[in-house]
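Each residue of the sequence shown is one higher than the last, beginning at 3 in our numbering.
The beta-carbon is built from N, C-alpha and C at its ideal position, and this holds for glycine as well.
Computed from a prediction, not measured in an experiment: that's the story for all the values here.
First comes the structure, then the notes that go with it.
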Amino acid sequence: MNSMAILSTCLYSLAGILLLAYGTNFMMYNVFTGSASHPPSREAISAGTGSRGCPHEPVERFRVGFGLGPGATLFGYPSKKGGVYVLEGVLGVELDFLGLDRFHPTPRKSFSDPAEEEADEDAWCYKLRQLGAIWWKARYDYDMMLIGGDIWRGDDPFVTTGWPATGGVWILKTTKGDARGRGVGIIHNAYNMEERCRAIEKVGGVFYTDPKDCPDLDLD
């Protein structure tokens, strides 16, 4: 085989590898977003168009679905603020608090009146905020973070909450590095919300009689 033939073979091989890499990244994007078409632009989603179709049309058909785990990721789309609330690592206790089935995907309610749909979505977003959901300007930003790889940083914020039946809220807000040192993993071993509250107290959480007095929760 002469040198030109070898060069041609190498070029074809390189082109094949690049096409395979592009296809893999595109499929990963579709897995994360549930989109079967070309991914919408950042500007399109920020403006409320693209794959969502209308300003407040959710992407997900279900309130919760289960993949590999552990925990589920939940999304809420506020009607006035726009963007998306994301709550990650949701386990059984939080699912019970949200009124979701722990073993079966919970479909979203269907509405014929857009105003009723927005009100239901806003109420859902409020419950997510009670558990410390993070707001993103666009779903695109969150999806790109996942595709790019979520790098663990010790100074990243860590927030967890507990809502006792008697009222008020327990909250621990710190950094991931400090949370690891406190052993906050025990919180995930709680069987119910009352045990969760006691675990948060044990690792240094703070109790607020009126949840709206807590500066670390977006409850307005």
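Let me know the secondary structure DSSP gives residue i once reduced to three states.
i, result
"R184", "helix"
"L102", "coil"
"K214", "helix"
"P116", "helix"
"G229", "Shown here, the chain extends from 3 to 222; a query on residue 229 therefore has no answer."
"Y193", "coil"
"E90", "strand"
"G164", "strand"
"K178", "helix"
"A140", "coil"
"G69", "coil"
"L133", "coil"
"L97", "helix"
Determine, using beta carbons only, whether residue i and residue j come nearer to each other than 8 Å.
i, j, result
"I202", "G169", "no"
"Y210", "V171", "yes"
Do you know how far the Cα of residue j is from the Cα of residue i?
i, j, result
"D122", "A140", "20 Å"
"G179", "A117", "43 Å"
"L148", "Y142", "10 Å"
"D218", "K175", "7 Å"
"V95", "D220", "21 Å"
"E119", "S81", "10 Å"
"G207", "S114", "43 Å"
"R155", "R65", "29 Å"
"G183", "V205", "10 Å"
"G112", "Y79", "Correcting the residue identity first, residue 112 is Ser in this sequence and not Gly. So the alpha carbons of these two residues sit roughly 15 Å apart."
"S48", "T75", "The predicted model places S48 with a pLDDT of 37, which falls under 50 and marks its position as unreliable; any figure quoted below should be read in that light. Each residue's Cα considered, the two are about 21 Å apart."
"G187", "R131", "21 Å"
"L100", "F77", "13 Å"
"M146", "D222", "28 Å"
Quick one: what's got a C-beta closer than 7 Å to residue i's C-beta in the same chain, skipping five residues either side?
i, result
"Y144", "V86, V88, W138"
"L102", "R65, V66, T108"
"A181", "F160"
"G185", "V205"
Excluding the 5 residues preceding and the 5 following residue i in the sequence, name in chain order all residues of the same chain whose CB lies nearer than 8 Å to its CB.
i, result
"R63", "P109, R110"
"P166", "W172, M195, E196, C199"
"K83", "W137"
In chain order, what residues of the same chain have a beta carbon less than 6 Å from the beta carbon of residue i, not counting five sequence neighbours either side?
i, result
"P72", "none"
Is there at least one non-hydrogen atom of the ligand NAP closer than 7 Å to the beta-carbon of residue i?
i, result
"R110", "Absence of the ligand NAP is noted for the structure shown, with no ligands found whatsoever."
Self-check item: Sufficient close CB pairs (3 or more, under 8 Å) joining the region 190-198 to the region 112-131
Solution: no
Practice problem: Spell out a yes or no on whether the region 132-150 and the region 76-88 are touching, meaning 3 or more CB-CB pairs, one atom from each, closer than 8 Å. | Solution: yes
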